[in-house]
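J.: Under our numbering, residues 917 to 1201 are what the sequence shown spells out, in order.
We put the CB at the ideal spot given by N, CA and C, even for glycine.
On a predicted model such as this, the values are computed, not experimentally measured, just so you know.
Shown below is the structure under consideration.
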Amino acid sequence: MNQFENKVAVITGAASGIGRALAMRCAEEQMKVVLADVEVAALQRVEQELQSAGATVLAVVTDVSKEKDNQKLAQKTLDSFGAVHLLFNNAGVGAGSTIWQSTLADWQWVMNVNLWGAIHATQIFVPMMLKQGTECHIVNTASLAGLESGPGNSIYRVSKHALVSLSETLYHELKMIQSKIGVSVLCPGFVQTRICDAHRNRPAEYSKPGDIVDPSPMTTAIDQFIRSGVEQGISPKEVADHTFLAIKSNRFYILPDPSYKETVRQRMEDILNQHNPTFVIPSHI
């Protein structure tokens, strides 16, 4: 897919970070932009930014973890623009401690947003795209955490590995039926976003009394490492630029920061050589 003008893009998690950068890039490509996010005030700010720049924009408050919200998003997109050509399943959150210390509420929230959000959108938007019969593309925002192995950020890692597998399977299934829908999985390393403050959008239903676990020294150290990495990370705009290059060339794997490729290579070698998992710390962090 390399023609974007007057096409329709739907972006979840569009109110900040990578989602906002993708929305800005879509507007630059003269696309009609549908913004979806649960953070209302931030969503409205991005909508106003794009409108001020002359873009055609629709903002829909959306909790991607809920099937009905995804259905509403799809219907409003169709009602407003009649089609969808580019879908960014970008919404994501992080929470919890180690695998055994993270609460059920932690697991439910992260998996429902990071994995089920993409599942819901895929089940709703892919049939629409197939019915259109036009060239389309889906980009699922996973993470380098979905390609490597390591400690910490456990639920997030599990969700991103699952999202990579979902994306790969979707790619093969759509190719088998010779559809016109391309698929990519976006796996950035550290990016300057607010992912470390995702709790600001955590619903009350996933914050039951007694669910908070005091962080262990290991969890605290890993959290500090992640926050430091995010502060030194690449910009969301760089991620958006790499993503559009990949869409234009119909490339599946998108790794915006080449400095992390060694961590992926090490995991692949461990698997092929049947070695125990190696934790590789990027040299530039």
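Count the other CB atoms, across all protein chains shown, that sit within 10 Å of the CB of E1064; report buried if there are 16 or more and exposed otherwise.
T.: As a first step, residue 1064 must be located in the sequence shown, where it is residue number 148. Result: buried.
J.: Which residue's Cα is closest to the Cα of M966: E944, G1010, K1164 and L994?
T.: Position 50 of the sequence shown, counted from the first residue, corresponds to residue 966. This sequence places Leu at residue 966; Met is not what is there. Checked all of E944, G1010, K1164 and L994; the closest Cα to L966 is E944.
J.: In three-state DSSP terms, what is K1091?
T.: Numbered from its first residue, the sequence shown carries residue 1091 at position 175. Helix, per DSSP.
J.: Going by DSSP, which residues form a beta bridge with F1004?
T.: Taking the sequence shown and counting its residues from 1, the one referred to as residue 1004 is at position 88. Answer by DSSP bridge pairing, in chain order: I927 and V1055.
J.: Just reading off the beta strand (DSSP E) that K984 is part of, what are its end residues?
T.: Here residue 984 refers to the residue found at position 68 of the sequence shown. It is not in any beta strand (DSSP E) - K984 instead sits in the alpha helix (DSSP H) that spans E983 to F997.
J.: Return the chain-ordered list of same chain residues with a C-beta closer than 7 Å to the C-beta of T1194, the five sequence neighbours on each side being excluded.
T.: Start at 1 with the first residue of the sequence shown, and residue 1194 comes out as number 278. Around T1194: Q1182 and D1186.
J.: Could you pull the DSSP bridge partners for V1107 from this structure?
T.: Within the sequence shown, numbered from 1, the residue matching residue 1107 stands at position 191. Answer by DSSP bridge pairing, in chain order: I1150.
J.: Mapping DSSP to helix, strand and coil, what is K1177?
T.: As a working mapping, residue 1177 is identified with position 261 in the sequence shown. In this structure, K1177 counts as helix in the three-state DSSP scheme.
J.: By a C-beta neighbour count over all protein chains shown, 10 Å radius and 16 as the cutoff for buried, is K1076 buried or exposed?
T.: Reading the sequence shown from its first residue, position 160 is the one you call residue 1076. K1076 is buried by the Cβ-count criterion.
J.: With distances taken between CB atoms, is the gap from T1179 to L1060 smaller than 8 Å?
T.: Indexing the sequence shown from 1 puts residue 1179 at position 263. Indexing the sequence shown from 1 puts residue 1060 at position 144. Yes, the pair counts as a contact, with Cβ atoms nearer than the cut-off.
J.: In whole angstroms, what is the alpha-carbon distance linking N922 and Q946?
T.: Here residue 922 refers to the residue found at position 6 when the sequence shown is read from its first residue. Here residue 946 refers to the residue found at position 30 when the sequence shown is read from its first residue. Answer to the nearest angstrom: the Cα atoms are 6 Å apart.
J.: Just checking my contact of L974 with V950 at CB under 8 Å: how many whole Å lie between their CB atoms?
T.: In the sequence shown, residue 974 corresponds to position 58, counting from 1. In the sequence shown, residue 950 corresponds to position 34, counting from 1. At roughly 5 Å, the Cβ-Cβ gap stays under 8 Å, so L974 and V950 are in contact.
J.: Whole angstroms are fine: how far does the CA of A957 sit from the CA of S996?
T.: Along the sequence shown, one-based indexing puts residue 996 at 80. Along the sequence shown, one-based indexing puts residue 957 at 41. Taking the straight line from one Cα to the other gives about 22 Å.
J.: Does the region 1107-1124 come within contact of the region 1082-1092, defined as at least 3 CB pairs closer than 8 Å?
T.: With a cut-off of 8 Å, the region 1082-1092 and the region 1107-1124 do not count as touching, because too few Cβ pairs lie within range.
J.: Please determine if the region 930-941 and the region 1105-1114 are in contact, where contact requires at least 3 C-beta pairs separated by less than 8 Å.
T.: Counting Cβ pairs under 8 Å, three or more are found: they touch.
J.: Are the beta-carbon atoms of A1156 and A971 separated by less than 8 Å?
T.: By one-based count along the sequence shown, residue 1156 stands at place 240. By one-based count along the sequence shown, residue 971 stands at place 55. It is not a contact, given that the beta carbons lie outside the stated cut-off.
J.: Tell me, to the nearest whole angstrom, how far the beta carbon of F1041 is from that of V980; I am working on the premise that it is less than 8 Å.
T.: Taking the first residue of the sequence shown as 1, we reach residue 1041 at position 125. Taking the first residue of the sequence shown as 1, we reach residue 980 at position 64. Incorrect: roughly 12 Å between the Cβ atoms, too far for contact.
J.: Look at A1007 and T928 and say whether their C-beta atoms are less than 8 Å apart.
T.: If you number the sequence shown from 1, residue 1007 lands on position 91. If you number the sequence shown from 1, residue 928 lands on position 12. Contact flag set, yes.
J.: Between the C-alpha atoms of V1196 and G998, what's the straight-line distance to the nearest angstrom?
T.: As a working mapping, residue 1196 is identified with position 280 in the sequence shown. As a working mapping, residue 998 is identified with position 82 in the sequence shown. Whole-angstrom Cα-Cα distance: 47 Å.
J.: Using three-state DSSP, classify D979 as helix, strand or coil.
T.: Within the sequence shown, the letter at position 63 stands for residue 979. If DSSP states are grouped into helix, strand and coil, D979 belongs with coil.
J.: Around the C-beta of P1125, are 16 or more other C-beta atoms found within 10 angstroms, so that it is buried, or is it exposed?
T.: Here residue 1125 corresponds to residue number 209 of the sequence shown, with the count starting at 1. Confidence in P1125 is poor, its pLDDT being 45 and thus under 50, which makes the residue's placement unreliable; the coordinate value appears in the next sentence. It is exposed - the Cβ of P1125 has fewer than 16 other Cβ atoms within 10 Å.
J.: For F1160, collect the residues of the same chain with a Cβ closer than 7 Å to its Cβ; drop the 5 residues on either side in sequence, then sort them by chain order.
T.: Locating residue 1160 in the sequence shown gives position 244, where the first residue counts as 1. Correct list, in chain order: R941.
J.: Mind checking which residues open and close the beta strand (DSSP E) that includes S1100?
T.: Position 184 of the sequence shown, counting from 1, holds the residue named residue 1100. Residues I1097 to L1102.
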